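A.B. asks: For the sequence shown, this note's numbering begins at 2 and goes up steadily by one. Glycine included, every Cβ here is placed at the ideal spot set by N, Cα and C. These numbers come from a predicted model, not from an experiment. Got a structure for you, questions after.
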Amino acid sequence: MSNDLVFYTNPQSRGRITRWMLEETGADYRTELVDYASRMKSAGYLAINPMGKVPAIVHEGKVVTEGAAICAYLAEAFPEAGLAPRPEERADYYRWLFFAAGPVEQAVTNNVAKFDPAPEQARMFGYGSFAATVDVLEAAVSAHPYIAGDRFTAADVYVGSAVGWGTLFGTLPKRDAFTAYFERLTGREAYARAAAKDDALIAENAPA
């Protein structure tokens, strides 16, 4: 495995998003498993990600954290994979990639925490309200076969993961548009490879 690209993850985390993206690039990479009990808060790992969170990657000595940033970075670092946006796709690509990383993430986590901004507070929060955010996300995934148009891009890895996890764990409502969009993504070979690798890590590290 290459030391030029190192992937720090836990298979029961958002690291699964980065694993999928790495498999889409076809790049050679080395996986470093970061457990929640000890290594994630160790001095060594905090030197890579001071937030003590996964995923993180180190590519040619440079650290990248945050799922959306990693997806965008890898798309540009490995252009031969064709995952970066074409000129006509850039607006939707960046818009919805960061919509999922910002308003959707904030709306979902606040909703899970049972925090619902009062109408007069809505302007203080980038997402306004959970209901509005869900409706906008539904419209976005319904507009085209993929989030930036008719072609799969790195933005679909991140947006698709948000939709897939959200509907699976009940943090997003199970709407037909979400189901149809995610089903288009889960048929990809890279998605299947990534899931198999992470599921194998979970099995290997399960308590005896």
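Per DSSP, residue 58 is paired with what?
C.D. replies: For residue 58, which the question treats as bridged, DSSP gives the partners 8, 65.
A.B. asks: Look at the alpha carbon of residue 203 and the alpha carbon of residue 124, and state the distance between them as a whole number of angstroms.
C.D. replies: Those two C-alpha atoms are separated by around 41 Å.
A.B. asks: In this structure, does DSSP put residue 31 in helix, strand or coil?
C.D. replies: It is a strand residue.
A.B. asks: So residue 128 and residue 107 are in contact, right, with Cβ under 8 Å, and what is the actual spacing, rounded?
C.D. replies: About 5 Å; that satisfies the 8 Å criterion.
A.B. asks: What residues match up with residue 150 in a beta bridge as DSSP calls it?
C.D. replies: Note: residue 150 sits in a beta bridge opposite 147.
A.B. asks: Does the count of Cβ pairs from the region 127 to 143 and the region 176 to 191 closer than 8 Å reach three?
C.D. replies: Because the criterion of three Cβ pairs below 8 Å is met, the region 127 to 143 and the region 176 to 191 touch.
A.B. asks: Mind checking which residues open and close the alpha helix (DSSP H) that includes residue 93?
C.D. replies: 91 to 100 is the span of the alpha helix (DSSP H), which, as asked, contains residue 93.
A.B. asks: Spatial neighbours of residue 12 within its chain, please: C-beta separation below 6 Å, excluding the five flanking residues on both sides.
C.D. replies: Excluding positions up to five away in sequence, the list reads 199, 202, 203.
A.B. asks: On a CA-only basis, which of 165, 77, 173 is nearest residue 188? Give me that one, please.
C.D. replies: Among 165, 77, 173, the Cα nearest to that of residue 188 is on 165.
A.B. asks: Take residue 126 and list the residues in its own chain whose beta-carbon comes closer than 6 Å to its own, dropping the five residues that flank it on each side.
C.D. replies: Result list for residue 126: 118, in chain order.
A.B. asks: My output table needs one value for residue 122: the three-state DSSP class, helix, strand or coil.
C.D. replies: Here residue 122 sits in helix by DSSP.
A.B. asks: Note down, in chain order, each residue of its chain lying with its Cβ closer than 6 Å to the Cβ of residue 85, except the 5 sequence neighbours on either side.
C.D. replies: Closer than 6 Å at the Cβ level, and outside the excluded window around residue 85, lie 76, 77.
A.B. asks: When the Cβ atoms of the region 16 to 34 are set against those of the region 146 to 166, are three or more pairs found closer than 8 Å?
C.D. replies: Yes, they touch.
A.B. asks: Can you tell me whether residue 182 is buried or exposed? The criterion is at least 16 other CB atoms within 10 Å of its CB, across all chains shown.
C.D. replies: Residue 182 should be labelled buried.
A.B. asks: Measuring straight from C-alpha to C-alpha, what distance separates residue 132 and residue 163?
C.D. replies: Each residue's Cα considered, the two are about 16 Å apart.
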